[in-house]
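Student:
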Amino acid sequence: MKLFPYAHATHPQWGMAANLVLAQLRAQIALHGYASNPTLALLYITDHYAAQAQEILEHLSGELPEITDWAGTVGVGIASNNVEYFDEPALAVMLLELPSDQYRVFSGVAPLGLSFEAYTALVHADGHTPDVADLIKELAERTESGYVFGGLAASRGKVVQFAVAADGNVKGQGKASGVFSGGLSGVAFGAGVALVSRVTQGCLPIHGAHLVTGADRNVVLTLDGEPALEVLLRELQVSLSDPHKALTAIRATLAGLTEPSAGVESTQTVMRTGNFGPDVLVRHIIGLDPARSGVVLADEVTEGMELAFCQRNVQAARADLMRVCAEIREELEPQEQALETATALAASEAEAAPHEARGIAGAIYVSCSGRGGAHFGGDSAELQIIRRALGDVPLIGFFANGEIARDHIYGYTGVLTVFTSK
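Going by the UniProt record's numbering, the residue at position 363 of the sequence shown is 363; the numbering climbs one at a time, nothing skipped.
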């Protein structure tokens, strides 16, 4: 699998940004080692361009007629190799060269049919869609791996998704524009497309994990048999006798939940490493129930779940991001390397360039909109960590209102997925 051409640009006028991107893509297609016959494009735009989504898609697809399929969405920020764009007009595109029988673009007017055997899928979703979490679970169940990845679109204005399928729309649905709002869209991949995907957490447990022994829908009543509110206050070392201090601490606190089936493994991970594993779903604390000494979460809770109160932590987020990058590199790099591979991997950051010897054709990174920028210590710091840890590879992505991995919607996480030729 050859390197995927990719490009990114920012400009107050979307037409100028689009033309800058087109120039970069055409230059890369002509380079040795890059895909010269791509047919699938991923397009991510910041919400500054959301109102012009249709014009952007029409312009890019008109200039790249060889690209028959498009997918993408909007984010409050977008990402590319070593750089992120927040609160500015920008777009990023990646062109994928995959066997035509190994992927399908799907949307509301071109749903994923039973005729295509999906192994996994890149999913873009509108968080305002009713029962969106159930829809994602249902889609994951339809894949052979049970694993999907992606994120919820994020926009301060119009929420849009891009989905153009070469095999057309469902009969009777009419001609689609390729720009949608609501529901799910994305790209399903067959077993012939090799992927490696990891979830990186951005929160640090305050203490160990607890067993939920009492719950009423989204209210946690007891933890390990103790009133949940008392446990929370004790771990935060605050008291309701000083409500200002207590509420300030609680507002900065989140809850990491683990399903009962994964509870033992997750508890061992927290106790052994002090960090969350990928089975933990971080949710907001949205209120207190003093009458029942309960803690109210932004998700339903059931008895038997594991819960650990946690807080966002820069050092933990940086360390975990480097960990998942190292895991991916270790999985892809052979123990004995050819001279070309060793030379490519040993290049300094200043001299590095995407190289097919790395075994990574391209990568997609979906991060929480609350993680980028200053949370990692400066502008584009999160993407710079990925480049230093993973190497210089073609990469694009977006900052989401929720990250999708396996069959869950996460929060305060990053989902890094690489396409590999290994």
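Quick reminder that beta carbons are idealized off the backbone N, C-alpha and C, glycines included.
Report buried or exposed for Q131, applying the criterion of at least 16 other Cβ atoms within 10 angstroms of its Cβ.
Tutor: Locating residue 131 in the sequence shown gives position 131, counting from the first residue. For the sequence presented, residue 131 should be read as Asp rather than Gln. With fewer than 16 Cβ atoms within 10 Å of its Cβ, D131 is classed as exposed.
Student: Touching or not, the stretch 67 to 79 and the stretch 388 to 403, by the rule of three or more beta carbon pairs under 8 Å?
Tutor: Contact holds: three or more Cβ-Cβ distances are below 8 Å.
Student: Counting only the same chain and skipping the five closest in sequence on each side, list residues whose C-beta sits under 8 Å from that of F189.
Tutor: By one-based count along the sequence shown, residue 189 stands at place 189. Same-chain partners within the cutoff: L98, Q102, Y103, A118, Y119, T120, A121, L122, L195.
Student: Just tell me which of A215, T222, P290, G214 has its CA closest to the CA of Q243.
Tutor: As a working note, residue 243 is residue 243 in the sequence shown. Residue identity differs from the one stated: residue 243 is Pro in this sequence, not Gln. Ranking A215, T222, P290, G214 by Cα distance to P243 puts P290 first.
Student: Please classify P5 as buried or exposed, where buried requires at least 16 neighbouring CB atoms within 10 angstroms.
Tutor: The sequence position of residue 5 within the sequence shown is 5, counting from 1. Label assigned to P5: buried.
Student: Nearest to A208 by alpha carbon, out of R198, L236, G186, S181?
Tutor: As a working mapping, residue 208 is identified with position 208 in the sequence shown. The sequence as given places Gly at residue 208; Ala does not occur at that position. The shortest Cα separation from G208 among R198, L236, G186, S181 belongs to L236.
Student: So, under 8 Å CB-CB, W70 and G178 are touching, yes? Tell me the CB distance rounded to an integer number of Å.
Tutor: As a first step, residue 70 is located in the sequence shown; it is residue number 70 there, counting from the start. As a first step, residue 178 is located in the sequence shown; it is residue number 178 there, counting from the start. With a Cβ gap of about 6 Å, W70 and G178 count as contacting.
Student: To the nearest angstrom, report how far apart V393 and I328 are at their CA atoms.
Tutor: By one-based count along the sequence shown, residue 393 stands at place 393. By one-based count along the sequence shown, residue 328 stands at place 328. Approximately 13 Å, taken between the alpha carbons.
Student: Could you tell me which of P111, Q28, R217, A17 sits nearest to P89, measuring between CA atoms?
Tutor: Taking the sequence shown and counting its residues from 1, one reaches residue 89 at position 89. The shortest C-alpha separation from P89 is found at A17.
Student: Once you ignore the five residues that flank A79 on each side, which residues in its own chain have a CB closer than 6 Å to its CB?
Tutor: In the sequence shown, residue 79 corresponds to position 79, counting from 1. If we look at A79 and ignore the five residues flanking it on each side, its Cβ neighbours are Y365, L383, G397.
Student: With the cut-off set at 7 Å, would you say K158 and A51 are in Cβ contact?
Tutor: Residue mapping note: residue 158 aligns to position 158 of the sequence shown, counting from 1. Residue mapping note: residue 51 aligns to position 51 of the sequence shown, counting from 1. A contact, by the Cβ cut-off of 7 Å.
Student: Just how far apart, CA to CA, sit L223 and V160?
Tutor: The residue given as residue 223 occupies position 223 in the sequence shown. The residue given as residue 160 occupies position 160 in the sequence shown. So the alpha carbons of these two residues sit roughly 41 Å apart.
Student: Hey, quick one: how far does the beta strand (DSSP E) through D216 stretch, first residue to last?
Tutor: As a first step, residue 216 must be located in the sequence shown, where it is residue number 216. Segment 210 to 216, the beta strand (DSSP E) holding D216.
Student: So, are the CB atoms of D134 and G182 less than 7 Å apart?
Tutor: Numbered from 1 along the sequence shown, position 134 holds the residue referred to as residue 134. Numbered from 1 along the sequence shown, position 182 holds the residue referred to as residue 182. Not a contact, by the Cβ cut-off of 7 Å.
Student: Have a look at Q54, L184, T143 and flag the residue whose alpha-carbon is nearest the alpha-carbon of F106.
Tutor: Taking the first residue of the sequence shown as position 1, residue 106 is located at position 106. Looking at the Cα atoms, L184 is the closest of the given residues.
Student: Would you kindly check if the distance between the Cβ of R283 and the Cβ of D299 is under 7 Å?
Tutor: The residue given as residue 299 occupies position 299 in the sequence shown. The residue given as residue 283 occupies position 283 in the sequence shown. Yes.
Student: Is the beta carbon of Y34 closer than 7 Å to that of G202?
Tutor: Counting from 1 along the sequence shown, the entry for residue 202 is found at position 202. Counting from 1 along the sequence shown, the entry for residue 34 is found at position 34. Cβ distance not < 7 Å, so G202 and Y34 don't count as in contact.
Student: DSSP three-state label for Q102, please.
Tutor: By 1-based counting over the sequence shown, the position of residue 102 is 102. Q102: helix per DSSP, three-state reduction.
Student: Could you give the C-beta distance for G304 and V212, rounded to a whole number, given that I count them as a contact under 8 Å?
Tutor: Here residue 304 refers to the residue found at position 304 of the sequence shown. Here residue 212 refers to the residue found at position 212 of the sequence shown. Between V212 and G304 the Cβ distance is about 7 Å, and since that is below 8 Å, they are a contact.
Student: Please classify A71: does DSSP put it in a helix, a strand, or coil?
Tutor: As a position in the sequence shown, residue 71 is number 71, starting the count at 1. Three-state result, A71: strand.
Student: Cα-Cα, which of S369, G370, A361 is closest to G391?
Tutor: What you label residue 391 is simply residue 391 of the sequence shown in a count that begins at 1. The candidate whose alpha carbon is nearest that of G391 is A361.
Student: Give me, in chain order, the residues of the same chain whose beta-carbon lies closer than 6 Å to that of Q28; leave out the 5 immediate sequence neighbours on both sides.
Tutor: Locating residue 28 in the sequence shown gives position 28, where the first residue counts as 1. Here the set comprises P5, Y34.
Student: Can you tell me the Cα-Cα spacing of A350 and H124, whole angstroms?
Tutor: Numbered from 1 along the sequence shown, position 350 holds the residue referred to as residue 350. Numbered from 1 along the sequence shown, position 124 holds the residue referred to as residue 124. With a pLDDT of 41 at A350, under the threshold of 50, the predicted position of this residue should be treated as unreliable, and no value is reported.
Student: Give the single residue among L240, L307, Y49, I206 whose Cα lies nearest to the Cα of G225.
Tutor: Here residue 225 refers to the residue found at position 225 when the sequence shown is read from its first residue. The shortest Cα separation from G225 among L240, L307, Y49, I206 belongs to L307.
Student: Put S185 into one of helix, strand or coil per three-state DSSP.
Tutor: Here residue 185 corresponds to residue number 185 of the sequence shown, with the count starting at 1. S185 falls in the strand class under three-state DSSP.
Student: Out of E333, V199, D87, H128, which one is the CA nearest neighbour of residue 424?
Tutor: Because the chain here runs from 1 to 422, residue 424 falls outside it and cannot be looked at.
Student: Checking the sheet assignment: what are the DSSP bridge partners for V179?
Tutor: In the sequence shown, residue 179 corresponds to position 179, counting from 1. Answer is F162.
Student: Could you round the C-beta distance between I404 and V187 to whole angstroms and report it? I think they count as a contact, below 8 Å.
Tutor: Translated into the one-based positions of the sequence shown, residue 404 becomes position 404. Translated into the one-based positions of the sequence shown, residue 187 becomes position 187. In fact, because the Cβ distance is near 13 Å, the residues do not count as touching under 8 Å.
Student: Looking at the strands, I want to know which residues DSSP matches up with H8.
Tutor: Residue numbering aside, residue 8 sits at position 8 when the sequence shown is read from its first letter. According to DSSP, H8 bridges with A92.
Student: Can you look up V76 in the DSSP assignment and give me helix, strand or coil?
Tutor: As a first step, residue 76 must be located in the sequence shown, where it is residue number 76. In the structure shown, V76 sits in coil (DSSP, three-state: anything other than H, G, I, E or B).
Student: How many Å lie between R217 and S380 at the Cα?
Tutor: On the sequence shown, position 217 is the one that residue 217 refers to. On the sequence shown, position 380 is the one that residue 380 refers to. Cα-Cα distance, rounded: 39 Å.
Student: How long is the line joining the alpha carbons of I250 and Y410, rounded to whole angstroms?
Tutor: Translated into positions along the sequence shown, residue 250 becomes position 250. Translated into positions along the sequence shown, residue 410 becomes position 410. Distance between the alpha carbons of I250 and Y410 is about 20 Å.
Student: Which whole-angstrom value is the C-beta distance of G377 and V314, which I expect to be below 8 Å?
Tutor: Here residue 377 is taken as the residue at index 377 of the sequence shown, counted from 1. Here residue 314 is taken as the residue at index 314 of the sequence shown, counted from 1. The pair is a contact, with the Cβ atoms about 7 Å apart (cut-off 8 Å).
Student: Less than 8 Å between the CB atoms is what I'm expecting for C368 and P205, so what's the real figure, rounded?
Tutor: Counting from one through the sequence shown, the residue named residue 368 turns up at place 368. Counting from one through the sequence shown, the residue named residue 205 turns up at place 205. About 18 Å; that fails the 8 Å criterion.
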